[in-house]
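Under mature numbering (1 follows the signal peptide of the UniProt record, and there is no 0), read the sequence shown as residues -28 to -1, 1 to 249, first letter to last.
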Amino acid sequence: MMIAMLHQISVRAALLALAASFSLPLLAQEATLAESAAPVRRYLVGAALSSSQSHVGSDERELGLQPILGFWVGRYRLSTGRASSLWNVGRATVVDPGLSTTLLSKSDWSLGASLNWDGGRDSGDDPLLAGVPDLRSTLRGKLSVGYAFAPRWSLGLSSSHDLLGHEGGGRYSASLGYRQPLSERSYWDTSFSANWGNRDYMRSHYGIPASTLRAPYQLDGGIEGVSLGLGYTTALNHNWVGYAGLSLSRLLGDAARSPVVGQRQLWGASVGVAYRY
């Protein structure tokens, strides 16, 4: 039922919504422009040490430094990774990485759109991916709806689609989040999410086509898995912010039974610091 509902959000609607946001300024912005002709510009730069591993394939756990980069012009944001959640610690809604904007924010509801580059997957010489076609990189468009139903609780729904027709398919998510302030400058938060995919998404990420020399494995649309996250974020001073986080994810259903899956359950950890202006 969740998939059917979210699947009604077409790729064309996502593009039109994002495009319309560039030509329809909010009333609040008009008031700001009356005071200053130039939009507010902000940036964030930092680095994170992370330990991660992929469900698909037999890749070993990787430990390395990753950049945290973000640039904000008015209501539009261009960011990578964790930068999207560090713009204003404890003072702003978390947004998606990539090119994003808030289309509508009213009372406890919000509607956002974003574009994100998906780097795809290279089968290489991984034995679990032997004979499986590479997953081509693509541009994904995403629509997100958020609802804060209590002072510290929030619900979220999102629909993400391959915009270039590279067989990336559609992915849908539902999430529940809780944030506990520890002081005016720090908080911890936790989230639980469930993910689904349509047929194209599930087959391109977890399937084995009949055209290969291996036994085919075909999936229909369905649940992909669930994930749990726990994090701590603090503003070290006016400009510097730091965070630490843990994550646990588990594949379910046909995705978990796929022959290309090396690990059904994985954990990850990261710690980072960034400068914002």
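Each residue gets a CB set at the ideal place from its N, CA and C atoms; glycine is no exception.
When the options are compared against residue i, the one with the closest alpha-carbon
{"i": "S158", "options": "L41, L37, A207", "result": "A207"}
{"i": "R236", "options": "G46, L224, G244", "result": "L224"}
{"i": "S22", "options": "L37, Y15, R13, G53", "result": "L37"}
{"i": "D94", "options": "N88, L100, D106", "result": "D106"}
{"i": "W125", "options": "H177, G149, L185, W160", "result": "G149"}
{"i": "S219", "options": "R108, T73, G113, W239", "result": "W239"}
{"i": "S147", "options": "G140, S230, N167, D80", "result": "N167"}
{"i": "G113", "options": "G194, Y144, P39", "result": "Y144"}
{"i": "E139", "options": "S163, S116, V104, Y173", "result": "Y173"}
{"i": "F121", "options": "L185, G46, G201, D80", "result": "D80"}
{"i": "residue 283", "options": "G193, I40, E32, R13", "result": "As shown, the chain starts at -28 and ends at 249. That puts residue 283 outside it, with no answer to give."}
Local conformation of residue i per DSSP, three classes
{"i": "L220", "result": "strand"}
{"i": "D172", "result": "helix"}
{"i": "Y249", "result": "coil"}
{"i": "Q235", "result": "coil"}
{"i": "L101", "result": "helix"}
{"i": "G244", "result": "strand"}
{"i": "D90", "result": "strand"}
{"i": "E2", "result": "The predicted position of E2 is uncertain, since its pLDDT is 40 and thus under 50; a value taken from the coordinates is nonetheless stated next. It is helical."}
{"i": "A228", "result": "helix"}
{"i": "S183", "result": "coil"}
{"i": "residue 285", "result": "Nothing can be reported for residue 285: it is not among the residues displayed for the chain, which extend from -28 to 249."}
According to DSSP, residues forming a beta bridge with residue i
{"i": "G42", "result": "L16, S51"}
{"i": "R143", "result": "S132, G169"}
{"i": "Q190", "result": "None; Q190 has no bridge partner."}
{"i": "G201", "result": "S163, S219"}
{"i": "Q152", "result": "W160"}
{"i": "L35", "result": "S23"}
{"i": "T110", "result": "D90"}
{"i": "S82", "result": "S77, G118"}
Rounded Cβ spacing between residue i and residue j (contact assumed at less than 8 Å)
{"i": "G244", "j": "Y215", "result": "6 Å"}
{"i": "V232", "j": "G29", "result": "7 Å"}
{"i": "L75", "j": "L83", "result": "5 Å"}
{"i": "N170", "j": "G197", "result": "N170 to G197, Cβ: 15 Å. No contact."}
{"i": "W160", "j": "Y189", "result": "Not confirmed; about 40 Å, so no contact."}
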